[in-house]
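Enquirer:
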Amino acid sequence: MWRPLRPVMPVAATILAMAITPTFSPAQESTTLGGYGEIHYTNRSGRNTPAEVNLRRFVVYLAHSFDDHIAFRSELEIEDAKVEGGSAGGEVALEQAFLDYRVSDRVTLRTGLVLPPVGIINETHEPPTFNGVDRPAFDHDVIPTTWRELGVGILGTLPITEGLSYRLYVVNGLKASGFSNAEGIREGRQEGRNASLANPSLTGRLEWVRPGLRLGGSFWYGGTTAGDTLLGTGTFAAPVALVSADARYERGPLSVRGIVATISVSNADTINALYGTAVGSRISGGYLEAAYNVLPLLAPRSKQRLNAFARHERYNTQADVPRGTTQDRQFARRVTTFGLTYKPTWNTAFKGDYEVRRTAAGGGVGEGETLRLGIGYQF
Amino acid sequence: MLLVSLLLAQIGTAQTPKVAASLTRIFGRGAIGTPVVVNADTAVRVTRGDSVLGFAVVRNVKGKDQPITFLVATDPSDHLKDIDILVYREPYGGEVAYEAWRRQFRGKSAQDTLEVGRQIRSISGATISVNAVTVGVRRALADLTSWHRAGAIK
Numbered sequence: 001m002w003r004p005l006r007p008v009m010p011v012a013a014t015i016l017a018m019a020i021t022p023t024f025s026p027a028q029e030s031t032t033l034g035g036y037g038e039i040h041y042t043n044r045s046g047r048n049t050p051a052e053v054n055l056r057r058f059v060v061y062l063a064h065s066f067d068d069h070i071a072f073r074s075e076l077e078i079e080d081a082k083v084e085g086g087s088a089g090g091e092v093a094l095e096q097a098f099l100d101y102r103v104s105d106r107v108t109l110r111t112g113l114v115l116p117p118v119g120i121i122n123e124t125h126e127p128p129t130f131n132g133v134d135r136p137a138f139d140h141d142v143i144p145t146t147w148r149e150l151g152v153g154i155l156g157t158l159p160i161t162e163g164l165s166y167r168l169y170v171v172n173g174l175k176a177s178g179f180s181n182a183e184g185i186r187e188g189r190q191e192g193r194n195a196s197l198a199n200p201s202l203t204g205r206l207e208w209v210r211p212g213l214r215l216g217g218s219f220w221y222g223g224t225t226a227g228d229t230l231l232g233t234g235t236f237a238a239p240v241a242l243v244s245a246d247a248r249y250e251r252g253p254l255s256v257r258g259i260v261a262t263i264s265v266s267n268a269d270t271i272n273a274l275y276g277t278a279v280g281s282r283i284s285g286g287y288l289e290a291a292y293n294v295l296p297l298l299a300p301r302s303k304q305r306l307n308a309f310a311r312h313e314r315y316n317t318q319a320d321v322p323r324g325t326t327q328d329r330q331f332a333r334r335v336t337t338f339g340l341t342y343k344p345t346w347n348t349a350f351k352g353d354y355e356v357r358r359t360a361a362g363g364g365v366g367e368g369e370t371l372r373l374g375i376g377y378q379f
Numbered sequence: 380m381l382l383v384s385l386l387l388a389q390i391g392t393a394q395t396p397k398v399a400a401s402l403t404r405i406f407g408r409g410a411i412g413t414p415v416v417v418n419a420d421t422a423v424r425v426t427r428g429d430s431v432l433g434f435a436v437v438r439n440v441k442g443k444d445q446p447i448t449f450l451v452a453t454d455p456s457d458h459l460k461d462i463d464i465l466v467y468r469e470p471y472g473g474e475v476a477y478e479a480w481r482r483q484f485r486g487k488s489a490q491d492t493l494e495v496g497r498q499i500r501s502i503s504g505a506t507i508s509v510n511a512v513t514v515g516v517r518r519a520l521a522d523l524t525s526w527h528r529a530g531a532i533k
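Those sequence lines, one after another, are chains A and B. Under my numbering, the first residue of the first sequence carries the number 1, and numbering increases by one thereafter. Under my numbering, the first residue of the second sequence carries the number 380, and numbering increases by one thereafter.
1. May I ask you to report which of helix, strand or coil DSSP gives B/E469?
2. Would you decide whether A/D67 is buried or exposed? Buried here means 16 or more other CB atoms lie within 10 Å of its CB.
3. Using a Cβ cut-off of 8 Å (strictly closer), state whether B/A521 contacts chain A.
4. Excluding the 5 residues preceding and the 5 following A/L231 in the sequence, name in chain order all residues of the same chain whose CB lies nearer than 8 Å to its CB.
5. Under 9 Å between beta-carbons, which chain A residues line up against B/Q483? List them in chain order, please.
6. Taking A/S201 as part of the beta strand (DSSP E), name the residues at either end of that continuous run.
7. Among A/V321, A/I375, A/V256, which one has its Cα closest to the Cα of A/R248?
8. Who are the neighbours of B/W480 on chain D, taking C-beta pairs under 7 Å?
9. Whether or not the region 477-484 of chain B and the region 395-411 of chain B are in contact is what I'm after, with contact meaning three or more pairs of Cβ atoms, one per stretch, closer than 8 Å; do they touch?
10. Between which two residues does the beta strand (DSSP E) harbouring A/F66 extend?
11. If distances are taken between C-alpha atoms only, which option among A/L158, A/T161, A/I120, A/Q190 comes closest to A/L150?
12. Where in the region 30-105 of chain A do unbroken runs of the beta strand (DSSP E), each at least 3 residues long, occur, reported from the N-terminal end onward?
13. Does the beta-carbon distance from A/V260 to A/S244 come in below 8 Å?
14. In terms of residues, what are the limits of the beta strand (DSSP E) holding B/V514?
15. Chain A partners of B/S537, CB-CB under 7 Å?
16. Here's a check: name, in chain order, each residue in its chain whose Cβ is nearer than 6 Å to the Cβ of A/E75, leaving out the five neighbours to either side.
17. Would you tell me roughly how many angstroms separate the C-alpha atoms of A/I121 and B/I405, rounded to the nearest one?
18. Evaluate the contact criterion for the region 405-414 of chain B versus the region 157-164 of chain A: three or more CB pairs, one atom per stretch, below 8 Å.
19. If we cut at 8 Å on Cβ distances, does B/R500 have a partner in chain A?
20. Between the region 455-481 of chain B and chain A, which residues of the former have a C-beta closer than 9 Å to a C-beta of the latter?
21. For the region 157-171 of chain A, list every residue whose C-beta sits within 9 Å of some C-beta in chain B, in sequence order.
22. Counting only runs of 3+ residues fully inside the region 323-358 of chain A, write out the beta strand (DSSP E) ranges in chain order.
23. Please report whether the beta-carbon of B/Q490 lies at a distance below 8 Å from any beta-carbon of chain A.
24. Taking only three categories from DSSP, how would you classify B/K460?
25. Can you confirm whether B/T453, when its beta carbon is compared against all beta carbons of chain A, has any partner nearer than 8 Å?
26. Taking contact to mean 3 or more Cβ pairs, one atom from each stretch, closer than 8 Å, check whether the region 88-108 of chain A and the region 310-330 of chain A are in contact.
27. Checking 8 Å against the spacing of the C-beta atoms, do A/D328 and A/N181 come in under that value?
28. Anything in the region 124-135 of chain A with a Cβ closer than 8 Å to a Cβ of chain B? List those residues in chain order, please.
29. Using a Cβ-Cβ cutoff of 8 Å, what residues of the region 63-89 of chain A are near chain B? List them in chain order.
30. Indicate whether at least one CB of chain A lies closer than 8 Å to the CB of B/S525.
31. Look up A/A261 in the DSSP assignment and give the residues it is bridged to.
32. Just reading off the alpha helix (DSSP H) that A/Y275 is part of, what are its end residues?
33. Thinking just about the alpha-carbon of each residue, which of A/T129, A/G184, A/D134, A/P117 is nearest to the one in A/V171?
34. Contact defined as beta carbons within less than 8 Å: I believe A/G286 pairs with A/F138. What is the distance between those atoms, to the nearest angstrom?
35. Mind reading off the beta-carbon distance from B/S488 to B/H458? Whole number of angstroms is fine, and I expect it under 8 Å.
36. Is A/R102 close to chain B, meaning its C-beta is less than 8 Å from at least one C-beta of that chain?
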């Protein structure tokens, strides 16, 4: 019955494309609901530190595709279970909310509340994707995850060689008034709320991927005045420059990941004088983590995973300090974490770990041991 | 003829040339595909002249929130010839379209248990797509193989 068609069609193969077209089912609007979350049990060593349980994150993922080219994606997060007037803690926030326009297979334009493509955890932060109950401390104090800002960007693959992709965004800048000695640039994030656009900043990432291997390099560059003329004038006044490199490797039961980053805060002296803080002029560090799926040793046919892992982090939020600021060695931190991640499915995780924190200052301040248990999921 | 008309009405989506290009890439120039309706599904018989080059099927699997449209092609001995990612709509995970990942499937048969982390290496940061496409390919390969052995496609 198909023969009469052949003379009509210039390319024979397109005949069948018509027949297959129904299975493509594109160009239909569809809405997707998903989510991820994590619940933590935390028990710090020492007297008078009873264990604590916390519904750390509950995130609703809502996405809508308008057609094959335009899609909206968002994550709405509740941290620490609830927010109540008059009591501290808890947060309701949009973690992401952006529109993607897929121009071609190689190029997508993105605009909205986006995640700066810096490091490993910021963009891939669903709990089953990382070992350890909590995210690495480095991804709190050095790279301030979950880091999100408003902006526009372009992303896609590069035709130079297979496996090379990029993301490049222009977003609102950091706000130096939030910088601190212990957490670096963390509270300088504006997170999409009435953000000052005095310092449009550039951030981007280049990635190279092979099966089992992902290498990435990221940067952020931008001013931090948020319009405070005492700190400076001009788009790139009092700039923060971040560069980082990361790697993820998997082979059979073994998985390894590591990252290094360095952040320079150019006018740290002025920032510290102006805002009464003690931010480092350089913040740097990294970590290395190795995990081994031990389940095949116990149950060779099981498809589940049981990762035994160890991670060592070294970072200093005052690696260098400006003239006039006293360097505090307690900010030179070493965090060693080891534990287990049991994954009955790829998107659920039961975790347990033990963390040892030490500082270059010693003496117990900012030091200690913590036992954590947790669950995480994504769908 | 009614069916033909219905199918003709479906022409015009942007993906149509991609299927043609994919079959040409996998089977070489001059490969002619003929749709074969199997139950509620449609397979493709690929021929050049009098010789049967193989079979193919186009399917969708769900990624994080978007369908990933892919093609699986087999040779007459039911070994997987190649897969192709025809349309990828997700913001992350598009690495499943890379040749270096796809080529792991070549030569596999329905007897091979295609599993991520065993026969198929994963891609860090593309877990959802890797798992979805692997499951989709496994099912497509099983279907093509059983249809061929049952004589539904020949």
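We treat Cβ as the ideally placed atom computed from N, Cα and C, and that holds for glycine.
Expert: Reading it off the structure:
1. Here the question's residue 469 of chain B lines up with position 90 in the second sequence. B/E469 falls in the coil class under three-state DSSP.
2. Position 67 of the first sequence holds residue 67 of chain A. Looking at its Cβ environment, which holds fewer than 16 other Cβ atoms inside 10 Å, A/D67 is exposed.
3. As a working note, residue 521 of chain B is residue 142 in the second sequence. Not one chain A Cβ lies under 8 Å of B/A521.
4. Taking the first residue of the first sequence as position 1, residue 231 of chain A is located at position 231. In chain order, A176, T224, T225, A237, A238, N267, T270, I271, L274 place their CB closer than 8 Å to the CB of A/L231, counting only its own chain and leaving out the 5 sequence neighbours on each side.
5. Translated into the one-based positions of the second sequence, residue 483 of chain B becomes position 104. Going along chain A in sequence order, the residues near B/Q483 (Cβ under 9 Å) are P211.
6. Position 201 of the first sequence, counted from the start, is the residue given in the question as residue 201 of chain A. Residues 201-210.
7. Residue 248 of chain A sits at position 248 when you count from the first residue of the first sequence. Measuring C-alpha to C-alpha distances from A/R248 to each of A/V321, A/I375, A/V256 identifies A/V256 as the nearest.
8. Absent from the structure: chain D. Protein chains present are A and B.
9. Contact fails: fewer than three Cβ-Cβ distances are below 8 Å.
10. In the first sequence, the residue the question calls residue 66 of chain A occupies position 66. No beta strand (DSSP E) holds A/F66; DSSP gives it neither H nor E.
11. Reading the first sequence from its first residue, position 150 is the one you call residue 150 of chain A. Relative to A/L150, the option among A/L158, A/T161, A/I120, A/Q190 whose CA is nearest is A/Q190.
12. Qualifying beta strand (DSSP E) stretches, in chain order: 30-44, 52-65, 70-79, 91-102.
13. Position 260 of the first sequence, counting from 1, holds the residue named residue 260 of chain A. Position 244 of the first sequence, counting from 1, holds the residue named residue 244 of chain A. Their beta carbons are under 8 Å apart, which means A/V260 touches A/S244 by this criterion.
14. As a working note, residue 514 of chain B is residue 135 in the second sequence. That residue, B/V514, is in no beta strand (DSSP E); its alpha helix (DSSP H) goes 506-529.
15. Residue 537 of chain B lies beyond the range of chain B shown here (380 to 533); nothing can be said about it.
16. Indexing the first sequence from 1 puts residue 75 of chain A at position 75. Closer than 6 Å at Cβ, skipping near neighbours: V59, Y61, E95, Q96.
17. Here the question's residue 121 of chain A lines up with position 121 in the first sequence. Here the question's residue 405 of chain B lines up with position 26 in the second sequence. Counting only the Cα atoms, B/I405 lies some 37 Å from A/I121.
18. With fewer than three CB-CB distances shorter than 8 Å, the region 405-414 of chain B does not count as touching the region 157-164 of chain A.
19. Here residue 500 of chain B refers to the residue found at position 121 of the second sequence. So yes, B/R500 belongs to the interface.
20. Cβ contacts with chain A come from L465, V466, Y467, R468, E469, P470, Y471, G473, E474, A476, Y477, E478, A479, W480.
21. The region 157-171 of chain A vs chain B, Cβ under 9 Å: T157, E162, G163, S165.
22. List check, beta strand (DSSP E) in window: 332-343.
23. Numbered from its first residue, the second sequence carries residue 490 of chain B at position 111. So, not an interface residue.
24. In the second sequence, counting from the first residue as 1, residue 460 of chain B sits at position 81. When secondary structure is reduced to three states using DSSP, B/K460 falls in the strand class.
25. Locating residue 453 of chain B in the second sequence gives position 74, where the first residue counts as 1. So no, B/T453 is outside the interface.
26. Flag = no, the region 88-108 of chain A and the region 310-330 of chain A do not touch.
27. In the first sequence, the residue the question calls residue 328 of chain A occupies position 328. In the first sequence, the residue the question calls residue 181 of chain A occupies position 181. Yes, they are a contact pair.
28. Listed in sequence order: T124, T129.
29. Within the region 63-89 of chain A, the residues whose Cβ lies closer than 8 Å to some Cβ of chain B are A63, S65, D68, A71, R73, listed in chain order.
30. By one-based count along the second sequence, residue 525 of chain B stands at place 146. No, no contact with chain A.
31. On the first sequence, position 261 is the one that residue 261 of chain A refers to. Note: A/A261 sits in a beta bridge opposite A/S244, A/G285.
32. Position 275 of the first sequence, counted from the start, is the residue given in the question as residue 275 of chain A. Where A/Y275 is concerned, the enclosing alpha helix (DSSP H) stretches over 268-275.
33. Taking the first residue of the first sequence as 1, we reach residue 171 of chain A at position 171. Sorting A/T129, A/G184, A/D134, A/P117 by C-alpha distance to the C-alpha of A/V171 places A/P117 at the top.
34. Locating residue 286 of chain A in the first sequence gives position 286, counting from the first residue. Locating residue 138 of chain A in the first sequence gives position 138, counting from the first residue. Contact between A/G286 and A/F138 holds: CB atoms are separated by about 7 Å, below the 8 Å threshold.
35. As a position in the second sequence, residue 488 of chain B is number 109, starting the count at 1. As a position in the second sequence, residue 458 of chain B is number 79, starting the count at 1. About 5 Å; that satisfies the 8 Å criterion.
36. Within the first sequence, the letter at position 102 stands for residue 102 of chain A. Chain B contact via Cβ: present.
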